[in-house]
Amino acid sequence: MVNIKNIFFLGSNIVYLNEPYKIEFLSFIKPGKGNSFIRTKIRNLISNRLIKKNFKLFNNIKKANIFIDKYNFIYKFKNNWYFININNYKQIILDEKIILKYKYWIYINNIYNIIFWNNLPIDINIPKYVNIKVNYILNKKNKKNNIAILNTGLKLKIPQFINCGDLIKINTKLKCYISRNK
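Anchor point for the sequence shown: position 102 equals 381 in the working numbering, and the numbering is continuous, going up by one each time.
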């Protein structure tokens, strides 16, 4: 255990209720009466849930053992997604529970940052923009946009000038078309 003053700063990772959290907001409060405390907003790194929590200065909190490593996605079989470390070629398998919210952004031979807690993968960082190939286009007559089905299975509105086989840039946060890549 480490004294709370030594590990509480924006962006630090802590263990609270036996789960890893990241500190996203931090404010030192010294009331007129009573003991000082730290008001925080912390995000659970497994469930991504944000909570508000006050910590007393004399509380002992563990620092979370979080690290990030680069992995290349190699293939999917049933509900398992297989990745290989780009430095030491160690292979890991991520369960669909971790991948589910990102499955449309993960494709073969792309590199991702995987987040580990106590040597167990808990999440994956998806880039803000990805380039994905258009597999099929559903034509809607008299419309400015078509609907494309990408090679990851995602359906997306695209401009009419995009063709099957084109590589398009997509904003993963907004799930929208940005541009055509050459």
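The beta-carbon is built from N, C-alpha and C at its ideal position, and this holds for glycine as well. All values reported here derive from a predicted model rather than from experimental measurement.
With distances taken from CA atoms, which of the options is nearest residue i?
i	options	result
LEU324	ILE447, ASN404, PHE334	ASN404
ILE347	ILE365, LYS355, LEU336	ILE365
ASN414	ILE401, ASN442, TYR383	ASN442
ASN327	ILE416, LYS369, LYS342, ILE377	ILE377
VAL409	LYS357, ILE449, ASN338	ILE449
GLU303	PRO406, ILE371, LYS320, THR431	LYS320
ASN398	ILE426, LYS369, GLN439, LEU435	LYS369
LEU289	LEU296, TYR295, LYS301	LYS301
LYS382	ILE437, ASN424, ILE330, LYS454	LYS454
PRO310	GLY444, ASN359, ALA427, LEU336	LEU336
LYS357	TYR391, PRO400, GLU375	GLU375
So residue i and residue j are in contact, right, with Cβ under 8 Å, and what is the actual spacing, rounded?
i	j	result
ASN333	ARG318	5 Å
ASN389	PHE352	6 Å
PHE362	LEU379	Between LEU379 and PHE362 the Cβ distance is about 16 Å, and since that is not below 8 Å, they are no contact.
ILE411	THR431	6 Å
ILE385	TYR354	Rounded, the Cβ-Cβ distance is 11 Å, inconsistent with contact.
LYS452	LYS423	Wrong, their Cβ atoms sit about 23 Å apart, outside the cutoff.
ILE428	LYS436	Going by Cβ atoms, the distance from ILE428 to LYS436 rounds to 12 Å, so no, they are not a contact pair.
Could you check if residue i is buried or exposed, using at least 16 other CB atoms within 10 Å of its CB as the buried criterion?
i	result
MET280	Confidence at MET280 is low in this model, with a pLDDT of 47, below 50, so the placement of that residue should be treated as unreliable; the coordinate-derived value is given next. MET280 is exposed by the Cβ-count criterion.
LEU417	exposed
PHE307	exposed
PHE287	buried
TYR350	buried
ILE393	buried
Apart from the five residues just before and just after residue i, which ones in its own chain have a Cβ nearer than 7 Å to its Cβ?
i	result
TRP396	PRO299, LEU324, ALA343, ASN344, ILE345
Since residue i is in the alpha helix (DSSP H), which residue starts that stretch and which ends it?
i	result
ILE378	375-378
Determine the extent of the beta strand (DSSP E) in which residue i is found, giving its start and end residues.
i	result
THR319	316-323
CYS455	455-460
ASN404	399-404
LYS301	298-308
ASP348	345-356
ASN292	292-295
TRP384	First-last for TRP384: undefined, no H or E at that position.
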